[in-house]
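Step one of this worksheet: look at the structure below.
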Amino acid sequence: MSEVITIRACEVEDLPVVSRLLCETWHATYDPIYGAEKVDAINAQWHTPSMLAGRLGAPRSLFLVAQSGEALAGMAFIRVSEDVRSATLHQLYVHPAHQRLGVGKKLIDRVLVHAGPHCRLVLEVEPENLRAIAFYEAHGFRITGDGVDCGNMGAGIAYLEMTRAEA
């Protein structure tokens, strides 16, 4: 049975739920890679409602949530460059209970519309997150580099850079 998913702008009232969604999704995805203690530390730094609040209304950005009934099933955050030639997909996460149901596709489709057809879209992904890499490759992204400070947040997390050239 497929769920009805609505994609909409994130609102301030959503932030505590988005924070929980991110924390639960990070534990499900990254505990096997980093361990629960490191994931707790990252969640405390990156995924608090107050940290997420800074993204609401940020210039040239879009903060989306995917809603399934009363539940938030996923989220995405993108920021477009000033020259509108490139954009960074900072986050796209789907709660484990809603994965493999088309939520991620709906979010990435909306992100691609927001970025526009002539925009180069870049993201960072954990090298061991093979499901995410496959998802992005299926949506036209290719690995174009790597680094060791994902999100420039000081956590020293390795990443692969993936890029989707303009359509």
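First residue of the sequence shown? That's 1136 in my numbering, and the numbers climb one at a time after it.
Every residue, glycine too, gets a C-beta built ideally from N, C-alpha and C.
Fair warning: this is a prediction, and the values are worked out from it, not measured in the lab.
According to DSSP, which residues form a beta bridge with A1206? For the purposes of this step, residue 1206 is identified with residue 71 of the sequence shown, where counting begins at 1. Looking at the DSSP output, A1206 shares a beta bridge with S1203.
Rounded to a whole number of angstroms, what is the C-alpha to C-alpha distance between C1254 and V1248? In the sequence shown, residue 1254 corresponds to position 119, counting from 1. In the sequence shown, residue 1248 corresponds to position 113, counting from 1. Rounded to whole angstroms, C1254 to V1248 spans 10 Å at the Cα level.
Cβ neighbour criterion (16 or more within 10 Å) applied to D1149: Here residue 1149 is taken as the residue at index 14 of the sequence shown, counted from 1. By the 16-neighbour rule on beta-carbons within 10 angstroms, D1149 is buried.
May I ask you to report which of helix, strand or coil DSSP gives E1296? Translated into positions along the sequence shown, residue 1296 becomes position 161. It is a strand residue.
Pick helix, strand or coil for T1223, following the three-state DSSP scheme. Walking along the sequence shown from the start, residue 1223 turns up at place 88. Here T1223 carries a strand assignment [DSSP, helix/strand/coil].
Thinking C-beta only, is A1211 closer than 9 Å to L1191? Residue 1191 sits at position 56 when you count from the first residue of the sequence shown. Residue 1211 sits at position 76 when you count from the first residue of the sequence shown. Against a cut-off of 9 Å, the Cβ pair of A1211 and L1191 comes out as no contact.
Which one of T1160, G1239, L1156 and L1187 has the shortest CA to CA distance from E1146? Stepping through the sequence shown from its first residue, residue 1146 is reached at position 11. Among T1160, G1239, L1156 and L1187, the Cα nearest to that of E1146 is on L1187.
Is T1164 helix, strand or coil by DSSP? On the sequence shown, position 29 is the one that residue 1164 refers to. T1164 falls in the helix class under three-state DSSP.
Please classify R1266: does DSSP put it in a helix, a strand, or coil? Position 131 of the sequence shown holds residue 1266. Helix at R1266.
Can you tell me whether R1277 is helix, strand or coil according to DSSP? Translated into positions along the sequence shown, residue 1277 becomes position 142. Correct three-state label for R1277: strand.
Considering A1250, what are the terminal residues of the beta strand (DSSP E) in which it resides? The sequence position of residue 1250 within the sequence shown is 115, counting from 1. Per DSSP, A1250 belongs to no beta strand (DSSP E); it is in the alpha helix (DSSP H), V1238 to A1250.
Per-residue DSSP class, three states only, for L1191: For the purposes of this step, residue 1191 is taken as residue 56 along the sequence shown, with counting starting at 1. Three-state DSSP puts L1191 in coil, outside helix and strand.
For A1144, I'd like the list of residues in its chain whose CB is within less than 7 Å of its CB, leaving aside the five on either flank, ordered along the chain. As a working note, residue 1144 is residue 9 in the sequence shown. If you ignore the 5 residues before and after A1144, its C-beta comes within less than 7 Å of the C-beta of F1198 and L1199, all in its own chain and listed in chain order.
Express the C-alpha separation of G1237 and M1136 in angstroms, rounding to a whole number. One-based indexing of the sequence shown puts residue 1136 at position 1. One-based indexing of the sequence shown puts residue 1237 at position 102. A caution first: M1136 carries a pLDDT of 43, below 50, which makes its placement in the model unreliable, though a value can still be read off. Whole-angstrom Cα-Cα distance: 12 Å.
Three Cβ pairs or more, each shorter than 8 Å: is that satisfied between the region 1260–1267 and the region 1163–1178? Result yes; three or more Cβ-Cβ pairs closer than 8 Å.
Can you grab the Cα-Cα spacing for the pair R1277 / G1239, in whole Å? Numbered from its first residue, the sequence shown carries residue 1277 at position 142. Numbered from its first residue, the sequence shown carries residue 1239 at position 104. Roughly 17 Å separates the two Cα atoms.
Considering only C-alpha positions, which residue in the set V1153, T1298, V1215 and I1292 is nearest to A1208? Looking up residue 1208 in the sequence shown gives position 73. Distances from the alpha-carbon of A1208 to those of V1153, T1298, V1215 and I1292 put V1153 closest.
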